[in-house]
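Chemist: Positions 175 to 1011 (my numbering) are the ones given, in order, by the sequence shown.
All C-beta atoms in this analysis are idealised placements derived from N, C-alpha and C, irrespective of residue type, glycine included.
Please find one structure pasted underneath; my questions will follow.
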Amino acid sequence: MYKPRLPPSRRLGHGPTGPHVPACPAAGRRKAAVGCGARHAGTGSTRHHPHSSARSHMEPHLISSAVYMPKDTPTSRRHGTTLGGLMAIEQSPPGRLQLPLEAPRHGQHHAVLAVGRGVGRAGRYHRRGGAVPASPPLEEWCRPPAQRAERGAMAARRVGAGCWQRALGLSLSRRCRLPRGPDSYRSSSSSPALGKTVDNSQVTQEEIVLPRRKTWDKLAVLQTLASTVKRDPTAAHYMFQDDPFLMPRNAANSRLYSLSKESGRNAAKYIIKNFPQYFDKTFAEPNIPCLMPETLTPQTEGVSEEALRERIHLRMVKESVDMFDQLLQAGTPVSLETTNSLLDLVCFYGDGEPTPEKEQEEKGDLEESGVNASEQKAPKRQFQRGSQSSGPRWRENNHAERIFKIMPEKNAHSYCTMIRGMVKHGAYSKAYDMYIDLLNERHKADVHTFNALIRAVPYLKERFVERWELTKDLLTHMAQQKVQPTLLTFNSVLKSLRRCGGVGRTMSLFVLKEMEALDIEPSLASYEHLLSVHYKGVDAPSSDIISEVLNEVENRSFTAQDPDDANFFTTAMQVCCDLKDIKLAYQLNKALEKGDNWKFLDVDRSNGYWSKFFSLLCMMEQIEVVLKWYKETSSSLFYPSPKNILDLLQALDAANQLEMIPSVWEDVKQLGFSRRQDLLEEFLSLMSRDQHPSEIQQAFAKCAEEIKAVHEPAGPGQVPLEWTGSALGHVVVLFSRAGRTQDAWNMMEHFQKINRIPTDRVMDEFLNCAKQTNCPDEAIRMVKLAASLGLPLSQKLKSRTEEEFELSETQKKALESIKWDGDSSDSDSDSSDSDRE
175 MYKPRLPPSR RLGHGPTGPH VPACPAAGRR KAAVGCGARH AGTGSTRHHP
225 HSSARSHMEP HLISSAVYMP KDTPTSRRHG TTLGGLMAIE QSPPGRLQLP
275 LEAPRHGQHH AVLAVGRGVG RAGRYHRRGG AVPASPPLEE WCRPPAQRAE
325 RGAMAARRVG AGCWQRALGL SLSRRCRLPR GPDSYRSSSS SPALGKTVDN
375 SQVTQEEIVL PRRKTWDKLA VLQTLASTVK RDPTAAHYMF QDDPFLMPRN
425 AANSRLYSLS KESGRNAAKY IIKNFPQYFD KTFAEPNIPC LMPETLTPQT
475 EGVSEEALRE RIHLRMVKES VDMFDQLLQA GTPVSLETTN SLLDLVCFYG
525 DGEPTPEKEQ EEKGDLEESG VNASEQKAPK RQFQRGSQSS GPRWRENNHA
575 ERIFKIMPEK NAHSYCTMIR GMVKHGAYSK AYDMYIDLLN ERHKADVHTF
625 NALIRAVPYL KERFVERWEL TKDLLTHMAQ QKVQPTLLTF NSVLKSLRRC
675 GGVGRTMSLF VLKEMEALDI EPSLASYEHL LSVHYKGVDA PSSDIISEVL
725 NEVENRSFTA QDPDDANFFT TAMQVCCDLK DIKLAYQLNK ALEKGDNWKF
775 LDVDRSNGYW SKFFSLLCMM EQIEVVLKWY KETSSSLFYP SPKNILDLLQ
825 ALDAANQLEM IPSVWEDVKQ LGFSRRQDLL EEFLSLMSRD QHPSEIQQAF
875 AKCAEEIKAV HEPAGPGQVP LEWTGSALGH VVVLFSRAGR TQDAWNMMEH
925 FQKINRIPTD RVMDEFLNCA KQTNCPDEAI RMVKLAASLG LPLSQKLKSR
975 TEEEFELSET QKKALESIKW DGDSSDSDSD SSDSDRE
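This is the structure we're talking about:
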């Protein structure tokens, strides 16, 4: 425990000029009369402090002239009535004790020593919990006076230390105690200071208000921990982190590995579904039902309506239809509710068994556009490839139609189910005819049926104006039948307006105003349809619409309300790329990072979004910013496409940062694009275009060597790439500038093999390399090659070789012996002319 220490001048038993012995009564049941002065020892001066005269008359000293000292017991110690308690709580200020400042008189010397020795023992026994002796032992009186005085001073200092600790503990307990009532304080009759503290009526009573219990989400702890970390730009998607071997390096591997993982799950579900008898035991502790395989085996046997309902609940289409037919053959009537449930199941799956539905993005092949689109007729199409479902199409006289026809009683639910099933599976005309039958039967459609019919409008009418008129008619019917439109209703209208050309651009804003009037807040799908209406197929689009949309979306966190919500960010980024507006792209990216908006991007959409954003960065931003985004997003948020690599190379070229090409080439090899002919041509063209320092040229030559290896057969079953004349010329130039004469000559020989002709620049670079490395033999061979190809540059190359190289006699003869194709052809023509003569 930490014990506070006073300065030497303030310590117990010390005064300003020397040690003092405090005058204290002996412990036990005795009375002592001790007079304590207020003068300094050894001096005749009086110690000055404020109001000294008043204190001397009104307040007693540390111990009064007659104090009854009770026996030292735990109770008296708790009340502060022992000597240590009195010394701690008397009129001393907090954190400091008042001591007598005048030495005792001669007649009191032995009494003071006795008191000091007794108090010392009292302090020691007080700490140990023992009893205080009544009087000092006899041997203490037999000691010499000087030794007794020294022992008395030591005892007084020990008592002072104990009193200091008690005073500090009492003051802390006062500050830390909460008020609990008038009887909660214990006071001492000998402590006026403590009595003042307790009797003060102004003590504030603090009321403790316990907070109400807060129910936390089950994922609150995990979400809090997740908020403390940031995304690792070097890590792949979390789904691939279980097995380091399956870490994808490019988009193709990412798709392959994710599909393989999902295929394994489907295989496990198939085994459990078809062989449930082998999985009847549960070994998981604790058992989590939602993570366990579903029980798909019917428990009800026999032919009954209860068994039919159970099979409908288990989504067993074929078994449900068979049991329904068995019930009809047995003459057992089936209730309307059960028949409608069966109709729901059959219309949803379209006569097929339940399979994992594959989500398809809607393409723009059915979206028409034009300047005078309101008067333009849309080309006739076979709308059998609808966008509502990727499952089987609606068959003629299928189970749904057969069950609907034999139903003895039909209600509005029956008609609505048939309409929605026909729209889902592409039978749009039949769905509209079924809606007419519903009206003839005086039934009312629900809001989901109207939504499906509105989505089917583009497939029912050809002209854009007719499509909008039919949409208005359906909305009018909703008002007449008192059906309240929802967000999905207006989203269906906007989705239909995407295929209405100029009419859609005009009416889409009115639809948004109608949503505002009905206090329906648009979702991301609403904004996505609006952007598609105003920016797809428009020659000179304006940025006003998307600016207003981004201002609405920027500071909000959305939740999924429509299946088309996930398409907003990719569509908006495509609009930013078309407008070439980097500020809008940054604003859109800020909206993506707000809250949980990033969840709208799956793996494929994330690749598309970041690919478009990176292309726009390469086009509009500085190269430092481009490289920063490339480092933070590549391979963690998306895998760059070949187009992204081409855009990056063009950005490096525009910023004159071609020394970064070798690092980009390493990424290209990792991404699996090293066999892309367009990328290889771009790399070689940029590296060989200008002369660079020696270190950069050596790095370029290394890249050229790796590109050369790609064009050569590496193993069985791998088809090498075919050389082009430009690629060969670039590789020769890169090898020549790096001083690799032999490698350059090996590439020069490929020109004859592929029947290509090198350019003058390629031959000049090779000749310069031969000159720098002092290789006249390669220069002569190059002259021979040029002569064999019949190039006009052959004579110039021969002259340069004779002037710039020190040739031996043998080399000179070899150079002179080169035959030119032009000379031989001239001699042949001369000989033929002489023969004629």
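Quick one: what's got a C-beta closer than 6 Å to Cys521's C-beta in the same chain, skipping five residues either side?
Modeler: Taking the first residue of the sequence shown as 1, we reach residue 521 at position 347. Answer for Cys521: Ala574, Thr591, Gly595, listed in chain order.
Chemist: So that I know if they touch, is there some Cβ in chain C lying closer than 7 Å to that of Lys635?
Modeler: This model lacks chain C altogether, as it is built from one protein chain only.
Chemist: Please name the residue in Asn741, Val727, Ser785 whose C-alpha comes closest to that of Gln761.
Modeler: Locating residue 761 in the sequence shown gives position 587, where the first residue counts as 1. Closest by alpha carbon: Val727.
Chemist: Phe812 bridges to which residues according to DSSP?
Modeler: To locate residue 812, count along the sequence shown from 1; it is residue 638. DSSP lists Ser808 as partners of Phe812.
Chemist: Rank Ala740, Phe788, Lys757 by C-alpha distance to the C-alpha of Trp772 and give the top, closest one.
Modeler: As a working mapping, residue 772 is identified with position 598 in the sequence shown. The candidate whose alpha carbon is nearest that of Trp772 is Ala740.
Chemist: Check whether the region 781-788 touches the region 802-822, counting contact only when three or more Cβ pairs, one atom from each stretch, lie closer than 8 Å.
Modeler: The region 781-788, when compared against the region 802-822, does touch it at the 8 Å Cβ threshold.
Chemist: Tell me the rounded alpha-carbon separation between Asp738 and Cys464.
Modeler: Walking along the sequence shown from the start, residue 738 turns up at place 564. Walking along the sequence shown from the start, residue 464 turns up at place 290. One C-alpha to the other measures close to 28 Å.
Chemist: As a quick exercise: from Tyr523, Phe624, Ala586, Glu833, pick the residue whose alpha carbon is nearest that of Glu615.
Modeler: Along the sequence shown, one-based indexing puts residue 615 at 441. Ranking the options by Cα distance to Glu615, first place goes to Ala586.
Chemist: Report yes if the CB atom of Thr984 is closer than 7 Å to the CB atom of Ala953, and no otherwise.
Modeler: As a first step, residue 984 must be located in the sequence shown, where it is residue number 810. As a first step, residue 953 must be located in the sequence shown, where it is residue number 779. Cβ atoms of Thr984 and Ala953: not closer than 7 Å.
Chemist: Could you check whether Leu627 and Lys635 sit closer than 7 Å to each other, using their CB atoms as the reference points?
Modeler: Within the sequence shown, residue 635 is the residue found at index 461, counting from 1. Within the sequence shown, residue 627 is the residue found at index 453, counting from 1. Not closer than 7 Å, so no.
Chemist: State the DSSP-derived secondary structure class of Trp568, mapped to helix, strand or coil.
Modeler: Within the sequence shown, the letter at position 394 stands for residue 568. Trp568: coil per DSSP, three-state reduction.
Chemist: What residues in its chain sit with their C-beta under 7 Å from that of Val631, if we drop five residues either side in the sequence?
Modeler: If you number the sequence shown from 1, residue 631 lands on position 457. Only Arg641, Leu644, Thr645, Ser670 meet the Cβ criterion.
Chemist: Three-state secondary structure (DSSP) at Lys802?
Modeler: Numbered from its first residue, the sequence shown carries residue 802 at position 628. Reduced to three states, the DSSP call for Lys802 is helix.
Chemist: Relative to the C-alpha of Ala623, which residue among Leu858, Glu856, His651 is closest?
Modeler: Residue 623 sits at position 449 when you count from the first residue of the sequence shown. The residue asked about is misnamed: residue 623 is Thr in this sequence, not Ala. The residue with the shortest Cα to Cα distance from Thr623 is His651.
Chemist: At which residues does the alpha helix (DSSP H) containing Asp752 begin and terminate?
Modeler: Locating residue 752 in the sequence shown gives position 578, counting from the first residue. Its alpha helix (DSSP H) spans residues 742-753.
Chemist: Pairs of beta-carbons, one from the region 816-832 and one from the region 390-407, closer than 8 Å: are there three or more?
Modeler: They do not touch, by the three-pair rule.
Chemist: Keeping to the same chain, check which residues put their C-beta closer than 7 Å to that of Ala960; ignore five residues upstream and five downstream.
Modeler: Working through the sequence shown from its first residue, we reach residue 960 at position 786. These residues qualify, in order along the chain: Met937, Leu967, Ser968, Leu971.
Chemist: For the region 674-685 and the region 705-716, state whether three or more C-beta atom pairs, one from each stretch, are separated by less than 8 Å.
Modeler: Touching, yes.
Chemist: Could you check whether the Cβ of His703 sits closer than 6 Å to any heavy atom belonging to the ligand SAM?
Modeler: The model on display carries no ligand, and the ligand SAM is accordingly not part of it.
Chemist: May I ask you to report which of helix, strand or coil DSSP gives Ile881?
Modeler: Taking the sequence shown and counting its residues from 1, the one referred to as residue 881 is at position 707. Looking at Ile881 - three-state DSSP - the assignment turns out to be helix.
Chemist: Below 7 Å between beta carbons: does that hold for Trp803 and Leu790?
Modeler: Stepping through the sequence shown from its first residue, residue 803 is reached at position 629. Stepping through the sequence shown from its first residue, residue 790 is reached at position 616. No. Outside cutoff.
Chemist: Just to confirm before moving on: does the CB-CB distance between Trp568 and Ala601 stay below 7 Å?
Modeler: Position 394 of the sequence shown holds residue 568. Position 427 of the sequence shown holds residue 601. It is a contact, given that the beta carbons lie within the stated cut-off.
Chemist: Could you tell me which whole beta strand (DSSP E) segments of length 3 or greater appear in the region 603-690?
Modeler: Fully enclosed beta strand (DSSP E) runs of 3 or longer: not present.
Chemist: Rounded to the nearest angstrom, what separates Thr898 and Val749 at their Cα positions?
Modeler: Translated into positions along the sequence shown, residue 898 becomes position 724. Translated into positions along the sequence shown, residue 749 becomes position 575. When rounded, the distance between both Cα atoms is 38 Å.
Chemist: Go through the region 471-510 residue by residue and report every complete run of the beta strand (DSSP E) that reaches 3 residues or more, in order.
Modeler: You should have found no qualifying run.
Chemist: Alpha carbon to alpha carbon, what distance is there between Leu399 and Asp373?
Modeler: Residue mapping note: residue 373 aligns to position 199 of the sequence shown, counting from 1. Residue mapping note: residue 399 aligns to position 225 of the sequence shown, counting from 1. Below a pLDDT of 50, predicted positions are generally treated as unreliable, and Asp373, at 47, falls in that range; the measurement from the model is reported next regardless. Rounded to whole angstroms, Asp373 to Leu399 spans 51 Å at the Cα level.
Chemist: In the region 893-957, which residue ranges form an unbroken alpha helix (DSSP H) of at least 4 residues, counting only runs that do not cross its ends?
Modeler: Entirely contained in the region 893-957, the alpha helix (DSSP H) runs reaching 4 residues are, in chain order, 899-911, 915-922, 924-927, 934-946.
Chemist: Jot down the residue ranges of each uninterrupted alpha helix (DSSP H) in the region 824-861, minimum 4 residues, whole runs only, in chain order.
Modeler: As far as the region 824-861 is concerned, its whole alpha helix (DSSP H) runs of at least 4 residues are 835-845.
Chemist: If Val905 sits next to Glu939, beta carbons under 8 Å apart, how far is it from one beta carbon to the other, in whole angstroms?
Modeler: Within the sequence shown, numbered from 1, the residue matching residue 905 stands at position 731. Within the sequence shown, numbered from 1, the residue matching residue 939 stands at position 765. The Cβ separation is near 11 Å, so there is no contact.
Chemist: Looking only at C-alpha atoms, which of Asp864, Ala883, His866, Ala829 sits nearest to Arg849?
Modeler: The residue given as residue 849 occupies position 675 in the sequence shown. Residue Ala883 is the option with its Cα nearest to Arg849.
Chemist: Would you kindly report the start and end of the unbroken alpha helix (DSSP H) that includes Glu702?
Modeler: For the purposes of this step, residue 702 is identified with residue 528 of the sequence shown, where counting begins at 1. Run containing Glu702: 698-709, per the alpha helix (DSSP H) assignment.
Chemist: With DSSP collapsed to three states, give me the class of Thr398.
Modeler: In the sequence shown, counting from the first residue as 1, residue 398 sits at position 224. Thr398 falls in the helix class under three-state DSSP.
Chemist: Quick one: is Phe457 buried, meaning 16 or more other Cβ sit within 10 Å of its Cβ, or exposed?
Modeler: The residue given as residue 457 occupies position 283 in the sequence shown. Its Cβ having fewer than 16 others within 10 Å, Phe457 is exposed.
Chemist: Pull up the distance between the alpha-carbon of Gly476 and that of Asp611, whole angstroms please.
Modeler: The residue labelled residue 476 in the question sits at position 302 within the sequence shown. The residue labelled residue 611 in the question sits at position 437 within the sequence shown. Taking the straight line joining both Cα atoms gives about 37 Å.
Chemist: Roughly how many angstroms separate the alpha carbons of Lys579 and Trp390, rounded to a whole number?
Modeler: Here the question's residue 579 lines up with position 405 in the sequence shown. Here the question's residue 390 lines up with position 216 in the sequence shown. Going from the Cα of Lys579 to the Cα of Trp390 covers about 53 Å.
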